[in-house]
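Undergrad: In the order they appear, the protein sequences are chains G and E.
In the working numbering, each number is its position in the first sequence, counted from 1, plus 1331.
In the working numbering, each number is its position in the second sequence, counted from 1, plus 131.
Beta carbons: idealized from backbone N, C-alpha and C, even for Gly.
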Amino acid sequence: MGFEEIIGQDLIIRALKRSLSSGQTTHAYLFSGPDGSGKKSLAFLFAQALNCSSELDPPCKSCLSCRKTLSGIHPDFYQLFPEGASIKIGQLRELKESLYYFPREGRKKVCLIHGADLMTLPAANSLLQILEEPPADLVFILLSSRPWALLPTVVSRSLHFALKPLSPEEMELLLKRQSLLEPQEREIVIALAGGNPGKALELSSKGGLKKSLEEVLLLLESLENESLDNIFIKAEELSGKENLQEVINLLLIIYRNRLLFELGVRPEIKLIKDKLQYNNINVEEKILFPGGENINYLERMCRHLLDLQGELLNNINKRLAVEVLFLQMRGAV
Amino acid sequence: MSTRSPENKPYRALYRSWRPQFFSEVVGQEHVVRTLQNALAAGRVAHAYLFCGLRGTGKTTMAKLLAKALNCLEGINPEPCGRCRSCQEVMDGRNMDVLEIDAASNRGIDEIRDLRDKARYAAAQNRFKVYIIDEVHMLTNEAFNALLKILEEPPPGVVFILATTEVYKLPLTVVSRCQRFDFHLLEGKQVVGRLQEVARGMNFSVEEETLYLLARQAEGSMRDALGLLEQCRAYGGEKVSYSEALEILGLTAPEAIYNLLQAIVEGDNLSGLAAINEVVSKGKDLQRFLQEMTLYLRRLVLLQSGSDEEKTLQDVPGLKPYLLRHKDKFNDLVLLEMLEILQGLSGKLRNSSQPSFLLELAFLRLVRVYRFRDYLSPEALLSRLEELEEKLQSAGLEGLNAGTGAKSQASGKEKPAAGPERAAAAVDDSVPGEILPPADGKAPAGEETASGLGKAAAPEGDPGLLEGETHSPAGSSGKVGFEEPEREAEREPEREVDLEQLREIWHNKLLPEIKKQRKHNIYALLQDGRPFSCKKGVFTICLPQGYSFHKGRIESTRNKKYIESLLKYLLGYAVDLRVILQEKPEETGNWFGSQEENTREENPREEITREVNAEKSTAGKNAQGKSSLEESEQEINKKEKTKGKITNRHSLRSGYKHNPLNESGAGYGAGGTQISGDNDYFIREMLELFDGKLIEAGSNELKSREFWSFSIDSVTEETDE
């Protein structure tokens, strides 16, 4: 199985395959997409294919060259990683020296630059010339999760393939192929991962999502009835938990579903139905008929949660943030 | 002209294999080509050139061309021959005397010293020694300074060509020593022309519309455009269609954008969310979708501002029919507001793990902005207000002179707004009553608002329903439906709470609780009122005379629901909230100035409650506030029977009737001046609130939304009947 193992990037794969089979590969590629979107897998497959000794449908992934490339010991396969927080000009100078020789074993020399957007300004500039007119037989593959942070001059010199987020159907396919999740849990994973295959796989290997969802629903219920003092206790409890981010994400999904419902859209996440039977309490009502919460409130909550999601990545006072969130949920702030 | 065939060489990227080899092949940059060719023809070649411009505009190409022309064996001509040994060598990049230096890799002073030393030697085989220093902006400061001397007076036969994308990083001393040429971004048409040439040369069939798409994505850079063309060819092989190209570039079809905007225009949440869902489920990059949408709106702005239709739309043939259909649907203010929202979104989208949620929320906000498109400018709102005021005044409204005494107490932003708003709310109350003039005067205004707000205005004009309607056209109707019976069931109609208890709850629980929950706006509305009665599941609040604005606000769905929920919490069972107005002013003019007054006025109320309980006995000692309160109480009784809002207003109206007719002559003049003074303050306050910041993200939004509901509700409430 070569390129087929990548799901959802049919266009890119078709283009790569065609240029491979017609021998019209160009000298610089840029694969971009968020972390976990599959850039690296794609790049490795492509690098293997460029030097694969099998005639049919490269990469075969079994010939010596393919295996060498995969383990990173192919003499014509160069990788550049950020040193610390960035890729420095010295690293590139060093690399460039070796790039001007002919390939030793394979047909092409392949240079894979990880985190290309982390090149310092001088480093990126020093790459420009070789990126525009490299020696024959040299192929650059740049990987970047933030292509907008690259110099426009770098982007314009390479063939830019942006990996697209996966559609829910493709995600389902991926998860079915990769793991043995229950259907309900799969729905949650798909909703949480937002089209990012790497994230979905990470989530599904971690597991326990259904339990988290239950907890969150219980939390929601208790929040509505608790007195103010208890809310602060709950906030302290939650902010100490490791899976805070996950709880926030789940809350967001619940509120979004409520909002969509209020707007008249039937939520597409079926987990609610399944959950209903599973847990034996009237969860559907809790999620769908929260009792006349108006759209403005729900919309505001979604916004708050999205903001909080971002803030949690920075070093904020979690307890305070959760307290504020709970108060917001009660409509007090 | 294109005589080279890329086939016999190893495959090269299009932008390399199709690099122009003659000046005549260069697309655009006529000003540079003409100047250089004239200089070549006259044999007056400068010793240092500086080419600057954005990526893919032809700097390196031009530098190579110039080098070729200077060293052509056929002599210095406006066009290099392209056949001689020297020209061939330059093309292959192996001419000894044309030195391409990558300043980004050789940026130190040592490299420049080396260059300076070697430049002293004459050219080996050719007329000129040409140094092409690319990315020259990356040289260090010292290196630049080391270059200055030789750049000013180079040895004979040396020509420097500096090329850079960032000319502002160069020291002025360097710039002033060179002949500077600025390369412009290419126009869509020029790019398309070149792409057609290339496509033909490669036997690659592609429609013009698709090429325009590529050119647009390339944003004026030829190298980008050729890269995209290459991408299309890698995918399509022999030919590529428009829809395939969209797919390859990760773009959404124009229909998707049209559909989304159409949903915004129609205020149709469902189809808008469906459009977003469609984009997401196809796995499109939302960032790109956003860019496309921004571009679409930008064109609309251009069309709005009256720029030439032909020119604006020439490079977006695919969008043209859609744009023309939307042209008259937006005004420039709403477009700018929408663009701003989208702009703010694009930053967030990058870091979000659930970008589709963000897009959905933004959509909801866009719908809201669009709905209020006619009120986005302070002027529009002001003129609307003025219009209303005129009508009110010309209608000779009697409610205007009321409430002058109480004004100083109201706090918060409601205070300045109170004048006209109060008047407006008074009109609202009067509508179904016998007094016709105010209703007459207001009828045309109502029509206008109805058309202006579109579907937003509810037909019956019930303020509660109206608010639900403005915020949630899709959801509210269902909601109202299933909430009503529930409330009915919970009610305990038999219970009655005595006044002492009520006051206790009011002062010690309700108001502090509201304050604690930081609902200052509601606190401000209630602080001058007092509990009147609580029986048969109806909690009645009495407000001082002239507080009809406060009454209106308290009765708005949201506030009412909030207060009711609090009361439910405090009383232990659900109640309906009613608000009544005191008819005559207190003689002190101060409703709740001090405790002392509080105690004093208990008398009349107790009186009245007793009175009412005894079914209208006439024992009034305090003739002052009594008659009106009695009216109000009557009203409540009546209401309990008929459960109709209209009668409520009706009877209130009849209460009004005594009052203004009694003292209209004296009061009116004073009321008039009061209004105009108030008016200025009100307008100033309003402008401050507006000041272009109506719809904002985050916490400010709350404030602005409150403001919205306050301003729009009150405008519609009082006009839509």
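#1: Any Cβ of chain G within less than 8 Å of the Cβ of E:Glu646?
#2: What residue does the beta strand (DSSP E) around G:Tyr1360 start on, and which one ends it?
#3: Just mark E:Leu431 as buried or exposed, buried being the case when its beta carbon has 16 or more other beta carbons within 10 Å.
#4: What does G:Gln1410 pair with, by DSSP beta-bridge criteria?
#5: In terms of residues, what are the limits of the alpha helix (DSSP H) holding E:Leu357?
#6: Counting only C-beta atoms, is G:Cys1442 closer than 8 Å to chain E at any point?
#7: Which residues of chain G have a Cβ atom closer than 9 Å to the Cβ of E:Asp233, listed in chain order?
#8: Quick check on E:Thr166: buried or exposed, where buried means 16 or more other Cβ atoms within 10 Å of its Cβ?
#9: Any idea what DSSP makes of G:Ser1475, helix, strand or coil?
#10: DSSP state of G:Met1450, grouped into three classes?
#11: Can you pull the chain E neighbours of G:Gly1641, defined as C-beta to C-beta under 8 Å?
#12: What are the partner residues of E:Pro662, as DSSP defines its beta bridges?
#13: Assuming contact is defined by CB atoms lying nearer than 8 Å, are G:Ser1396 and G:Gly1437 in contact in what I supplied?
#14: Hey, could you find the ends of the beta strand (DSSP E) G:Gln1422 is sitting in?
#15: Interface residues of chain G around E:Lys415 at Cβ under 7 Å?
#16: In this structure, does DSSP put G:Lys1371 in helix, strand or coil?
#17: Where does E:Gly184 fall in DSSP's three states?
#18: Spell out whether any CB of chain E is found under 8 Å from the CB atom of G:Cys1331.
#19: So, does the CB of G:Thr1714 fall closer than 8 Å to a CB anywhere in chain E?
#20: Taking 7 Å as the limit between beta carbons, can you name the residues of its chain near E:Val465, skipping five residues before and five after?
#21: List, from N- to C-terminal side, the beta strand (DSSP E) runs of 3 residues or more that fit wholly inside the region 153 to 202 of chain E.
#22: Closer than 9 Å by beta-carbon distance: list the chain G residues that pair up with E:Gly368, in chain order.
#23: Please confirm if the region 275 to 289 of chain E is in contact with the region 251 to 263 of chain E, defined as three or more CB-CB distances below 8 Å between the two stretches.
#24: Quick check on E:Lys280: does DSSP put it in helix, strand or coil?
#25: Does any CB atom of chain E fall closer than 8 Å to the CB of G:Phe1657?
#26: Enumerate in chain order the residues of its own chain whose CB-to-CB distance from E:Glu266 is below 7 Å, with the five nearest sequence positions on each side excluded.
#27: By the three-class DSSP mapping on this structure, what secondary structure does E:Tyr262 have?
#28: Give me the DSSP bridge partner(s) of E:Lys93.
#29: Is the Cβ-Cβ distance between E:Val706 and E:Glu695 less than 8 Å?
#30: Any beta carbon from chain G within less than 8 Å of E:Ala387's own beta carbon?
#31: Starting from E:Val870, trace the beta strand (DSSP E) in both directions and tell me its first and last residue.
#32: Take the Cβ of E:Arg225 as the centre, count every other Cβ of all protein chains shown within 10 Å, and call the residue buried at 16 or more, exposed below.
#33: For E:Leu293, write down the residues that DSSP places opposite it in a beta bridge.
#34: Rounded to whole angstroms, what's the CA-CA distance from G:Leu1482 to G:Ala1455? Just pull it up for me.
#35: Who are the neighbours of E:Met424 on chain G, taking C-beta pairs under 8 Å?
#36: Which residues in the same chain as E:Leu656 place their Cβ atom closer than 8 Å to its Cβ, once the five residues preceding and following it in sequence are excluded?
TA: In terms of the structure at hand:
#1: On the second sequence, residue 646 of chain E is found 515 positions in, with the first residue counted as 1. Looking at the sequence shown, residue 646 of chain E is not Glu but Lys. Chain G, which has no Cβ nearer than 8 Å to the Cβ of E:Lys646, makes this no.
#2: Within the first sequence, residue 1360 of chain G is the residue found at index 29, counting from 1. Where G:Tyr1360 is concerned, the enclosing beta strand (DSSP E) stretches over 1359 to 1363.
#3: In the second sequence, the residue the question calls residue 431 of chain E occupies position 300. That one is buried.
#4: The residue you call residue 1410 of chain G lines up with position 79 of the first sequence. G:Leu1443.
#5: The residue labelled residue 357 of chain E in the question sits at position 226 within the second sequence. Looking at the DSSP string, the run of the alpha helix (DSSP H) that includes E:Leu357 is 353 to 367.
#6: Taking the first residue of the first sequence as position 1, residue 1442 of chain G is located at position 111. Not closer than 8 Å to any Cβ of chain E, the Cβ of G:Cys1442 fails to qualify, so no.
#7: Indexing the second sequence from 1 puts residue 233 of chain E at position 102. Chain G residues near E:Asp233: Asn1456, Ser1457, Leu1459, Gln1460, Ile1461.
#8: What you label residue 166 of chain E is simply residue 35 of the second sequence in a count that begins at 1. Classification for E:Thr166: exposed.
#9: Translated into positions along the first sequence, residue 1475 of chain G becomes position 144. Strand.
#10: Within the first sequence, residue 1450 of chain G is the residue found at index 119, counting from 1. Strand at G:Met1450.
#11: One-based indexing of the first sequence puts residue 1641 of chain G at position 310. What G:Gly1641 touches in chain E, judged by beta-carbon distance under 8 Å, is Lys479, Asn482, Ser483, going in chain order.
#12: Taking the first residue of the second sequence as 1, we reach residue 662 of chain E at position 531. DSSP, once it has assigned bridges, lists E:Ile672 as partnering E:Pro662.
#13: As a first step, residue 1396 of chain G is located in the first sequence; it is residue number 65 there, counting from the start. As a first step, residue 1437 of chain G is located in the first sequence; it is residue number 106 there, counting from the start. Taking 8 Å as the Cβ cut-off, G:Ser1396 and G:Gly1437 qualify as a contacting pair.
#14: Locating residue 1422 of chain G in the first sequence gives position 91, where the first residue counts as 1. That residue, G:Gln1422, is in no beta strand (DSSP E); its alpha helix (DSSP H) goes 1420 to 1430.
#15: The residue given as residue 415 of chain E occupies position 284 in the second sequence. The contacting residues are Lys1495.
#16: Position 40 of the first sequence holds residue 1371 of chain G. Helix at G:Lys1371.
#17: As a first step, residue 184 of chain E is located in the second sequence; it is residue number 53 there, counting from the start. Strand at E:Gly184.
#18: The question about residue 1331 of chain G has no answer, for chain G in this structure spans 1332 to 1664.
#19: Because chain G spans 1332 through 1664 in this model, residue 1714 of chain G falls outside it and cannot be assessed.
#20: Within the second sequence, numbered from 1, the residue matching residue 465 of chain E stands at position 334. Hits under 7 Å: Val500, Tyr501, Arg504, Leu507.
#21: 179 to 184
#22: Here residue 368 of chain E refers to the residue found at position 237 when the second sequence is read from its first residue. Going along chain G in sequence order, the residues near E:Gly368 (Cβ under 9 Å) are Arg1349, Ser1353.
#23: Yes, since at least three Cβ pairs between the region 275 to 289 of chain E and the region 251 to 263 of chain E fall closer than 8 Å, the two stretches touch.
#24: Numbered from its first residue, the second sequence carries residue 280 of chain E at position 149. Reduced to three states, the DSSP call for E:Lys280 is helix.
#25: By 1-based counting over the first sequence, the position of residue 1657 of chain G is 326. No, because no Cβ of chain E sits closer than 8 Å to the Cβ of G:Phe1657.
#26: The residue you call residue 266 of chain E lines up with position 135 of the second sequence. Closer than 7 Å at the Cβ level, and outside the excluded window around E:Glu266, lie Asp233, Ala234, Ala235, Thr295.
#27: If you number the second sequence from 1, residue 262 of chain E lands on position 131. Strand, per DSSP.
#28: With chain E covering only 132 through 852, there is no way to say anything about residue 93 of chain E.
#29: Here residue 706 of chain E refers to the residue found at position 575 of the second sequence. Here residue 695 of chain E refers to the residue found at position 564 of the second sequence. For E:Val706 and E:Glu695, yes; Cβs fall inside 8 Å.
#30: Taking the first residue of the second sequence as position 1, residue 387 of chain E is located at position 256. So no, E:Ala387 is outside the interface.
#31: Outside the shown range of chain E (132 to 852) lies residue 870 of chain E, about which nothing can therefore be said.
#32: Residue 225 of chain E sits at position 94 when you count from the first residue of the second sequence. Label assigned to E:Arg225: exposed.
#33: Residue 293 of chain E sits at position 162 when you count from the first residue of the second sequence. Answer is E:Leu181, E:Ile264, bridged to E:Leu293.
#34: On the first sequence, residue 1482 of chain G is found 151 positions in, with the first residue counted as 1. On the first sequence, residue 1455 of chain G is found 124 positions in, with the first residue counted as 1. Using only the alpha carbons, I get a separation of about 7 Å.
#35: Residue numbering aside, residue 424 of chain E sits at position 293 when the second sequence is read from its first letter. Within 8 Å Cβ-Cβ: nothing; E:Met424 doesn't reach chain G, min ~17 Å.
#36: Counting from one through the second sequence, the residue named residue 656 of chain E turns up at place 525. Counting only Cβ-Cβ distances below 8 Å, and skipping sequence neighbours, we find Glu545, His681, Arg684, Ile685, Asn690.
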